[in-house]
Amino acid sequence: MNGKFILNYVKNIEEFNSFIQNENEATDLKRKILKDKSVYPLGRIIKYNDFLLLAFTHFDKNNIAHISKIEYEKCLLNMWKELRRTYAGEKIFLPLIGSGITKFDDVPEKSNLDLLKCVLCTLKASGEQFTETITILVTNEIWEDLNLFDNSESVK
């Protein structure tokens with residue numbers, strides 16, 4: 028779980044952990060126990076208060092988050108399915124998933140534009156329909172890095 032989220036939004040870590048472990052909504056993406064740890068399939072979403080928590084990466088023995096390009100795409104496809112299950116007709120606000128400290132195993136670096144294209148492409152490929160808007164939130168730094176005008180044909 029992202030440390031910033033826990034520090035800012037979780038008042039009681041034991042209650043939070045219990046909530047996460049007991050969350051068993053109707054989904055094909057079920058939790059597994061491996062070596063006394065709960066492991067969720069990539070793309071699994073658990074609703075916690077007003078937040079939708081996404082299982083996004085694996086962690087290595089040094090607790091470094093990582094994911095492969097194929098896993099990233101599969102995670103996004105699962106995420107769209109899970110969002111459809113959990114969003115309850117509310118507006119959806121997403122960060123540009125993968126633009127932070129995530130390490131991609133099989134590519135040296137993914138540009139923010141590549142990530143945005145992948146997010147949009149997987150939304151289209153998923154076939155999921157949402158009645159409310161989906162907003163992808165980006166920092167000013169990412170926004171300045173994205174040149175949507177030069178790439179408008181490839182982002183459609």
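Numbering-wise, the numbering used here comes out as the position in the sequence shown, counting from 1, plus 27. Backbone N, C-alpha and C fix where the C-beta goes; we use that ideal spot for every residue, glycine too.
Helix, strand or coil: which one does DSSP assign to residue i?
| i | result |
| --- | --- |
| Ala92 | strand |
| Leu164 | strand |
| Ile124 | coil |
| Phe229 | Limits of the chain in this structure are 28 at one end and 183 at the other, which puts residue 229 out of reach. |
| Lys118 | coil |
| Lys130 | strand |
Cβ atoms of residue j and residue i: under 8 Å apart, would you say?
| i | j | result |
| --- | --- | --- |
| Glu117 | Glu159 | yes |
| Glu155 | Trp107 | yes |
| Leu147 | Asn105 | no |
| Phe120 | Leu164 | yes |
Under DSSP, the alpha helix (DSSP H) around residue i begins and ends at which residues?
| i | result |
| --- | --- |
| Val146 | 139-153 |
Looking only at its chain, what residues have a beta carbon closer than 7 Å to the beta carbon of residue i, apart from the 5 residues adjacent to it on each side?
| i | result |
| --- | --- |
| Ser65 | Gln48, Arg58 |
| Ile169 | Leu123, Ser126, Asn139 |
| Ile74 | In the sequence as presented, Ile is not what sits at residue 74; that position holds Lys. Cβ within range, chain order: Thr113. |
| Glu136 | none |
Name the two residues that bound the continuous beta strand (DSSP E) containing residue i.
| i | result |
| --- | --- |
| Phe32 | Phe32 -> not in any beta strand (DSSP E); alpha helix (DSSP H) instead, spanning 30-36. |
| Leu61 | 59-61 |
Give the DSSP bridge partners of residue i, in chain order.
| i | result |
| --- | --- |
| Lys74 | Leu79 |
| Phe185 | With the chain covering 28 to 183 only, the question about residue 185 has no answer from this structure. |
| Lys64 | Leu61 |
Whose C-beta lies closer than 6 Å to the C-beta of residue i among residues of the same chain, with five residues either side of it excluded?
| i | result |
| --- | --- |
| Leu150 | Trp107 |
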